[in-house]
Amino acid sequence: MSTAAELDAAVVSAVEAQRGWGSTPVKDRVQVLFRMKALMEAQVDRLAATIMEENGKTREEALGSILRAVEYVEFASSLPQLVSGGALEVSPGVECRTSQYPLGVVAGITTFNFPLMVPLWMIPTALACGNAFVLKPSEQTPLSALELTRLLDEAGLPPGVFSVVNGDREV
């Protein structure tokens, strides 16, 4: 169980790490996600075993949620085309430009019923957009969050950009 001080330390670390991550070109950020996707596909049995053990899902249910989670990671990998900004002439001589900037540090609190899929609704997109992410998973399913940490580390995400704080509602 994480303490309030550990939560504060995770946020401070995320703020510091996000500065470098947010200034990394988006095409380089999504390379981490491409590697994560490949790792998930290669380790689907390990991930399924974790979900089955901690959540009580059948193998088919676990595999279904993992395959859906892989799709979310793949979608976030396409963000360079979606967040590149652009210009549109809205009337003669008037141009409207759009630019995308990271928010900073994003937090997610997730439920127990889909311990890998629900966090991956948020994490890949936030990371691709240059944000750092602090995850507080359900206290009933902490192992899946640790698997996410391991996968992101193996995929080359810089330290501090993603962290997990475990605990009950007090955290």
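Residue 368 is where the sequence shown ends in our numbering, and the numbering goes up by one at each step. For every residue, glycine included, the Cβ atom is placed at its ideal position computed from N, Cα and C.
Following the DSSP letters along the chain, one finds residue 294 in no alpha helix (DSSP H) but inside the beta strand (DSSP E) bounded by residues 291 to 295. Here residue 345 has 313, 316, 317, 320, 332, 359, 361 as same chain residues with Cβ atoms under 8 Å from its own Cβ, once five neighbours each way along the sequence are excluded.
Around residue 293, the same chain offers 285, 287 as residues with beta carbons nearer than 6 Å, after the five sequence neighbours per side are excluded. At a Cβ-Cβ threshold of 7 Å, residue 230 and residue 368 do not count as neighbours.
In this model, residue 291 and residue 339 are separated by some 52 Å (Cα to Cα). Assignment of alpha helix (DSSP H) within the stretch 211 to 277, counting only whole runs of 4 or more residues, yields 223 to 239, 241 to 252, 256 to 274 in chain order.
Closest option to residue 306, judged by alpha-carbon separation, among 327, 365, 283: 365. For residue 286, no alpha helix (DSSP H) encloses it; the enclosing beta strand (DSSP E) starts and ends at 283 to 288. In the three-state reduction of the DSSP assignment, residue 341 falls in the helix class, which pools H, G and I.
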